[in-house]
Amino acid sequence: QAKRVATIAILAGDGIGPEIMAEAEAALGEIAAVGGHRFDLVRRPIGGAAIDALGCPLPSETLTTCRQADAVLLGAVGGPRWDKVDSKIRPEQGLLGLRSGLGLFANLRPVTPHPALFGASPLKPEKLEGVDLVVVRELTGGLYFGRKLELPDQAEDVCTYTVAEIERVVRRAGDLARARRGKLTLVDKANVLATSRLWRRVAEDLVRREYADLDYEVVLVDAMAMHLLSRPTDFDVIVTENLFGDILTDEAAMLAGSMGLLPSASLGEGSRGLFEPIHGSAPDIAGQQLANPMAMLLSVAMMLRLSLGLDDEAGLLEQAVWDCVSEGQVTRDLGGSLSTGEAGAAVRSRLSQVA
Ligand code: NAI
Ligand code: MG
């Protein structure tokens with residue numbers, strides 16, 4: 002396999018961010034050494050850490066670095082310290098600014114519950130066996146970004162989507178489905194909403210033109226809330242608009258049983274993406290080496306696959322993580338006794354063994 006030279010923006014952020022990012026960096030070092038690749042890591046502040054250092058949650062140098070990088074890794078942002086200081090400057094603005102600044106319109110959240118954790122899920126093991134799905138949530142449109150009206154006794158949120166906005170995210174989902182099991186499910190509410198009828202028309206046209214090889218279906222969002230629990234194995238790639246995706250990704254996360262094991266990717270037009278665990282900055286355990294680094298490491302694997310084209314390395318890293326989970330080499334949140342650093346080291350030692 003060809004050697005890869007890549008520049009990766011490293012945004013550790015707040016709370017447990019720096020602790021889990023240290024394990025991500027070390028894993029990248031191991032992968033580079035094993036595969037003969039070169040990863041140039043450029044560390045920049047974001048969120049509360051950037052507010053402390055520079056008075057702004059997304060310094061322009063951070064955004065510039067991300068724009069010039071092949072991929073962006075993010076730990077987490079936020080914490081009670083900045084909630085009090087000044088409500089006009091907030092850590093979360095760093096993340097929102099990054100998403101819009103990089104044009105990241107598709108948020109991918111894979112859910113693959115691991116047998117070792119079936120007990121942690123509210124669903125029965127027989128329902129979870131074989132679940133392997135990805136929710137692709139539209140990230141920059143819909144109700145969250147529409148015109149808002151707030152009067153004392155009336156309020157309004159406007160939901161808008163254009164053909165172009167729908168097409169680009171459905172295309173992302175279609176490409177992903179093609180690289181996976183070939184099944185694409187559109188979730189909408191076309192019996193009630195005009196925007197959903199547009200989604201349905203645009204998606205159906207696109208699938209007919211460009212993705213006729215996929216097994217395509219449409220499910221109404223209320224039914225989907227049920228199907229995710231009653232028959233989760235039936236789904237491969239699920240694509241939907243912003244609000245529905247926000248709700249369904251949280252529901253899907255419950256299938257996996259643990260926050261500390263869920264990665265995510267946010268993608269735009271090109272190959273560059275932003276990769277981060279779905280959990281937050283966990284201020285309650287920050288600075289104590291208690292954080293589970295696995296979701297961060299699985300986010301690194303998504304980056305290797307989706308932005309750097311290093312499929313083999315991604316697979317090896319995922320395998321190393323799941324092997325550690327199977328054998329109980331995990332942090333306290335998963336019932337183990339390892340520190341953040343020890344869990345990261347356990348993953349790395351497996352990476353070096355396959356070499
Ligand atoms: P959280 O995800 O940070 O923590 C929820 C619970 O899960 C806590 O008990 C925490 O200790 C635990 N937890 C989370 N990640 C863990 C890990 N890797 N290992 C072990 N335990 C872990 O959510 P919370 O408490 O609602 O938010 C804390 C801060 O994080 C807030 O400021 C919030 O705004 C921010 N946040 C940031 C996100 C991001 O950067 N993308 C996403 C969600 C929240
Ligand atoms: Mg949410």
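Plus 1 on top of the position in the sequence shown (first one is 1) and you've got full-length UniProt numbering.
All C-beta atoms in this analysis are idealised placements derived from N, C-alpha and C, irrespective of residue type, glycine included.
Predicted, not measured: the structure shown is a model, and the values here were computed from it.
Exercise for review: Please report the residue range of the beta strand (DSSP E) in which residue 1 lies.
Suggested key: The displayed coordinates of the chain run from 2 to 356. Any statement about residue 1 would go beyond what the structure contains.
Practice item. Please confirm whether any heavy atom of the ligand NAI lies closer than 7 Å to the CB of Ser282. Key: Ser282: yes, Cβ under 7 Å from the ligand NAI.
Practice item. Could you round the C-beta distance between Arg45 and Leu12 to whole angstroms and report it? I think they count as a contact, below 8 Å. Key: That pair is a contact at about 6 Å.
Practice item. Enumerate in chain order the residues of its own chain whose CB-to-CB distance from Gly316 is below 7 Å, with the five nearest sequence positions on each side excluded. Key: Taken in chain order, the list of residues that qualify is empty.
Review point. CB-CB under 7 Å to Ser353, same chain, minus the five flanking residues each way: which ones, in chain order?
Key: Around Ser353: Glu31, Val35.
Exercise for review: Report buried or exposed for Gly271, applying the criterion of at least 16 other Cβ atoms within 10 angstroms of its Cβ.
Suggested key: Answer is exposed; the Cβ neighbour count stays below 16.
Review point. Among the residues of its own chain, which have a CB less than 6 Å from the CB of Thr161, if the five just before and after it don't count?
Key: Closer than 6 Å at Cβ, skipping near neighbours: Gly147.
Point to revise | Close Cβ partners of Gln290 (< 7 Å) along its chain, the five nearest in sequence each way excluded | key: Same-chain partners within the cutoff: Glu20, Ser340, Thr341, Gly342.
Check your understanding: Considering only the beta carbon of each residue, do Ala344 and Cys325 sit closer than 8 Å?
Key -> Closer than 8 Å, so yes.
Practice item. Return yes when the Cβ of Ala70 is within less than 8 Å of the Cβ of Pro60, no when it is not. Key: Contact annotation: Pro60 and Ala70 have beta-carbon atoms that are not nearer than 8 Å.
Practice item. Using a threshold of 8 Å, state whether the C-beta atoms of residue 1 and Leu230 are closer than that. Key: Any question about residue 1 goes unanswered here, given that the chain covers just 2 to 356.
Check your understanding: Does the separation of the CB atoms of Ala107 and Leu140 fall below 8 Å?
Key -> Closer than 8 Å, so yes.
Check your understanding: Pick from Thr241, Arg82, Ala224: whose alpha carbon is nearest that of Val135?
Key -> It is Thr241.
Review point. Which residue or residues does DSSP assign as beta-bridge partners of Pro111?
Key: DSSP lists Val135 as partners of Pro111.
Review point. Is Asp251 near the ligand NAI, in the sense that its beta carbon is under 7 Å from a heavy atom of that ligand?
Key: False, no ligand heavy atom lies under 7 Å from that Cβ.
Review point. Out of curiosity, what's the CA-to-CA distance linking Leu307 and Gly274?
Key: Taking the straight line joining both Cα atoms gives about 8 Å.
Practice item. Below 6 Å CB to CB, which residues in the same chain sit around Ala254 once its five sequence neighbours on both sides are set aside? Key: Non-local C-beta neighbours of Ala254 in its own chain, meaning closer than 6 Å and more than five positions away in sequence, comprise Leu263, ordered along the chain.
Check your understanding: Less than 7 Å between the CB of Asp285 and some heavy atom of the ligand NAI, yes or no?
Key -> Asp285 Cβ: within cutoff of the ligand NAI.
Review point. Does any heavy atom of the ligand NAI sit closer than 7 Å to the C-beta of Val78?
Key: Yes, the beta carbon of Val78 sits closer than 7 Å to at least one heavy atom of the ligand NAI.
Review point. At a Cβ threshold of 8 Å, is Gly345 touching chain D?
Key: Included in the structure is just one protein chain, with no chain D present.
Review point. Can you tell me whether DSSP reads Asp71 as helix, strand or coil?
Key: The answer is coil: DSSP assigns Asp71 none of H, G, I, E or B.
Exercise for review: Report yes if the C-beta of Ala347 is less than 7 Å from at least one heavy atom of the ligand NAI; otherwise report no.
Suggested key: When distances are taken from the beta-carbon of Ala347 to the heavy atoms of the ligand NAI, even the shortest one reaches 7 Å or more.
Point to revise | According to DSSP, residues forming a beta bridge with Glu218 | key: Checking the DSSP bridge columns, you'll see Glu218 partnered with Thr186.
Review point. Under 8 Å, do Phe276 and Ala72 count as touching if we go by C-beta distance?
Key: Contact annotation: Phe276 and Ala72 have beta-carbon atoms nearer than 8 Å.
Review point. If you draw a straight line from the alpha carbon of Leu309 to that of Met260, how long is it in whole angstroms?
Key: Looking at the two C-alpha atoms, the distance is approximately 25 Å.
Exercise for review: Would you kindly check if the distance between the Cβ of Gly80 and the Cβ of Gly49 is under 8 Å?
Suggested key: Contact check for Gly49 against Gly80 passes: the beta carbons are separated by less than 8 Å.
Exercise for review: Would you identify the three-state DSSP class for Leu351, choosing helix, strand or coil?
Suggested key: The question names Leu, but residue 351 is Arg in the sequence shown. Looking at Arg351 - three-state DSSP - the assignment turns out to be helix.
Practice item. In angstroms with no decimal places, state the Cα-to-Cα distance between Ser338 and Leu55. Key: Cα to Cα, the separation comes out at about 37 Å.
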